[in-house]
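Here's the structure we're looking at; comments come further down.
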Amino acid sequence: QQPVQSPQAVILREGEDAVINCSSSKALYSVHWYRQKHGEAPVFLMILLKGGEQKGHDKISASFNEKKQQSSLYLTASQLSYSGTYFCGTERRGGGADGLTFGKGTHLIIQP
Amino acid sequence: EAQVTQNPRYLITVTGKKLTVTCSQNMNHEYMSWYRQDPGLGLRQIYYSMNVEVTDKGDVPEGYKVSRKEKRNFPLILESPSPNQTSLYFCASSFTARGNEQFFGPGTRLTVL
Chain A
77 QQPVQSPQAV
87 ILREGEDAVI
97 NCSSSKALYS
107 VHWYRQKHGE
117 APVFLMILLK
127 GGEQKGHDKI
137 SASFNEKKQQ
147 SSLYLTASQL
157 SYSGTYFCGT
167 ERRGGGADGL
177 TFGKGTHLII
187 QP
Chain B
-11 EAQVTQNPRY
-1 LITVTGKKLT
9 VTCSQNMNHE
19 YMSWYRQDPG
29 LGLRQIYYSM
39 NVEVTDKGDV
49 PEGYKVSRKE
59 KRNFPLILES
69 PSPNQTSLYF
79 CASSFTARGN
89 EQFFGPGTRL
99 TVL
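So this is what it looks like as structure tokens:
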């Protein structure tokens, strides 16, 4: 079961903030976040392993609510370079080695 | 340079003509996997491998085969490609199966006519 991402798409002006949500129906071991530019490979942003964990670098951060099986990605004061498609990937608790299940992605467009 | 390479990057073929997409990583990673990406569906896992000679099906394995004879290589084989396998394919690797960043290859765009 793919995690559900929301919104599907968002258009922002440079400098505005965005929040992308990822929700799973299964108990989670970890949540990964990746960004993909058109025609390129996904690039790793961060991984959250513990419920309640929050991480961030530059102006991109994320949180993981293990009890609600949800994660959110926060983009603050967005820059043009933040444009792309954002994917969350989840590893389910007790899932062995079956790896990541990705959401369908959130398209983020930053306008000048 | 640490990287995952895939070949070919682009391929146009015809229905039924067997093909192999190669994937190689130089990071001594144990875990490797294949994904296909289709518009609106995100990345879906085809097969994965925990280590040499250990492979298992992902979410969409029908019509694909893989092998892991060496740690660095994880080829994807389409024995009899069909048009519904037209897609963008990514190989990825990580140090171990869980809780680690996945490094993606550049992708292979496959068109089956």
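In order, the protein sequences belong to chains A and B. My numbering applies: residue 77 is where the first sequence begins, and numbers increase by one. My numbering applies: residue -11 is where the second sequence begins, and numbers increase by one. Glycine included, each C-beta is placed from N, C-alpha and C at the ideal position.
| Check | Outcome |
| --- | --- |
| is_contact[Ala102(B), chain A] using C-beta, thresh 8 Å | No answer is possible for residue 102(B): the residues shown for chain B start at -11 and end at 101. |
| Beta-carbon proximity check, Gln90(B) vs Leu176(A), cutoff 8 Å | yes |
| Cut-off 6 Å between Cβ atoms - residues of its own chain near Leu76(B), not counting five sequence neighbours on either side | Gln25, Gly95, Arg97 |
| Own chain, CB closer than 6 Å to Phe178(A), minus 5 neighbours either side, in chain order | Phe163, Gly165 |
| Assigned secondary structure, Ser137(A) (DSSP; H/G/I helix, E/B strand, else coil) | strand |
| Top-ranked residue by Cα proximity to Cys11(B), from Ser68(B), Thr1(B), Gln(-9)(B) | Gln(-9)(B) |
| DSSP beta-bridge partners of Val119(A) | Arg111(A) |
| Reduced DSSP category for Ser101(A) - H, G, I as helix; E, B as strand; rest coil | coil |
| Minimum C-alpha distance to His133(A) - residue among Lys143(A), Trp109(A), Lys144(A) | Trp109(A) |
| DSSP bridge partner residues for Ile186(A) (one or two, in chain order) | Leu88(A) |
| Straight-line Cα distance separating Thr43(B) from Asn16(B) | 17 Å |
| Length of the line joining the Cα atoms of Leu66(B) and Ser101(A) | 32 Å |
| For Ala80(B): DSSP bridge partner residues | Ser21(B), Phe92(B) |
| Closest Cα partner of Glu83(A) within the set Gly128(A), Glu90(A), Leu149(A) | In the sequence on display, residue 83(A) carries Pro and not Glu. The option with the nearest alpha carbon to Pro83(A) is Leu149(A). |
| Chain B residues whose Cβ lies nearer than 7 Å to that of Phe163(A) | Gly30, Leu31 |
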